[in-house]
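Heads up, the thing below is written out as structure tokens.
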Amino acid sequence: MDPEPAAVADEATLVRRMRDGDAEAFGLLVERHMRRAYLAALGLVGSREDARDLSQEAFARAFRARHKLDPDRSFYAWLYQILRRLCFNFRRDRAVRARALAGAAWLADADARSAGVPDPARELERAELRRRVAAAIEALPEREREVFVLKEFEGLKYREIAELAGIPIGTVMSRLYAARKRLADALEGDR
Amino acid sequence: MSTLEPADRERAQALLMAAIDDELGPDERRELDALVAGDAGLGAELARLRRVKEVTSMVTLRAPSEEVWDGYWKGAYRRAERGLGWLLVGAGALVLGVWGLWHLLWNLFESLWADTDTPLPVRLAVVALVLGGLVLVFSVVRERLFTRKHDPYDREVIR
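Going line by line, the protein sequences match chains A and B. Numbering-wise (the numbering used here), the first sequence opens with residue 4 and increments by one. Numbering-wise (the numbering used here), the second sequence opens with residue 1145 and increments by one.
Next up, the structure:
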């Protein structure tokens, strides 16, 4: 049973169908949002395998709790609430944190042009930068990390971050400030 | 180091973020310029945070290979099904477990209590065991409820 092309149905209709237990509608909603959910989880936990598991689990929980879903509200915003709680709980496991600290494989160069140019010295430099940034992000408190990831990697506006995280815009800005200050300390101290 | 008062400092930090993220309106831009003009520390902090932004803008989240999406939604659906299965198994096991434990304890309690030959220390031990169990259950339940009620993360609201 493969989902039909995602573009044909509007989201509210899909959510209504999913509320009625329609697995196909659920599949379409998953296909629409899986990339974004995966990357959100990746930003929060820093591990690709765990990001896949956690984002899938978030969808599964959303399906099980579908009767609570309001078709007139954003499905992703609701899903994100489930996802962020899963990721926060996951990270509180000390062993998980230790594992995540092991590498920076979850980060890539933002400049796509660098990927196509075989320059070992430059690649070493880039890898070192990724390592330092990854370590600095890993050390952030989870709420600051969340806001930082939504801003820096998803490129959301403050208002959108506030809606997703369920916090006032002022809190978004103060958490972002705190995160960047910590990052500045970490990156400068790492030289 | 900035010399601003705490309230002004908080406002300045918000303006610094908005400036770095290009979310500053014209009025806010003037407000920030005035603050920076009156506080050299703030200007230095703005430059420092801009450098951080430059560095972090050089990396992004690594996109997964396309194979990751093969069967992704089916995996999520299977998880939902299995979750329901585990929930039912867990609920059934819990009810049966509680029922069995209750019968076990009740039979033990009755046999010890009804037997007139049971020494007083054993009777007292039975009472202590039951009371201790109740106190522990009450304590755990109260802790859970108290912790949840006072969890600062659960109090986040949109103004």
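Yeah, the Cβ is synthetic: ideal placement off N, Cα and C, and Gly gets one too.
query: Could you pull out every unbroken alpha helix (DSSP H) segment of at least 4 residues lying fully inside the region 124-189 of chain A, listed in chain order?; result: 145-155, 161-168
query: Checking 8 Å against the spacing of the C-beta atoms, do A/F66 and B/A1191 come in under that value?; result: no
query: Along chain A, which residues have their Cβ under 7 Å away from the Cβ of B/R1223?; result: Q59, E60, A63
query: Does B/L1148 come out as helix, strand or coil in the three-state DSSP assignment?; result: coil
query: For B/A1178, name the three-state secondary structure that DSSP assigns.; result: helix
query: Please name the residue, chosen from A/K154, A/R146, A/D112, that lies closest to A/R134 on a Cα-to-Cα basis.; result: A/D112
query: Would you mind reading off the limits of the alpha helix (DSSP H) that contains B/T1200?; result: 1184-1200
query: On a Cα-Cα basis, can you pick out the residue from B/L1238, B/F1253, B/W1230, B/T1262 that is closest to B/L1275?; result: B/F1253
query: Would you mind sorting B/S1201 into buried or exposed? The rule is 16 or more other CB atoms within 10 Å of its CB.; result: exposed
query: Consider the Cβ of A/D112: report whether some Cβ of chain E lies at a distance smaller than 8 Å.; result: No chain E appears in the structure shown, which is made up of the protein chains A and B.
query: Under a Cβ-count criterion, where at least 16 other Cβ atoms within 10 Å of its own Cβ denotes burial, should A/D53 be classed as buried or exposed?; result: buried
query: In the DSSP assignment, the beta strand (DSSP E) including B/T1260 goes from what residue to what residue?; result: No beta strand (DSSP E) holds B/T1260; DSSP gives it neither H nor E.
query: Do A/R87 and A/L32 count as a contact pair if the criterion is CB distance below 8 Å?; result: no
query: Pick out whichever of A/R69, A/N92, A/F91 has its Cα sitting closest to the Cα of A/W81.; result: A/R69
query: Helix, strand or coil for A/D122, going by three-state DSSP, please let me know.; result: coil
query: Using DSSP bridges, identify the partner residues of B/L1205.; result: A/L110
query: Using a Cβ-Cβ distance under 8 Å, would A/E128 count as near chain B?; result: no
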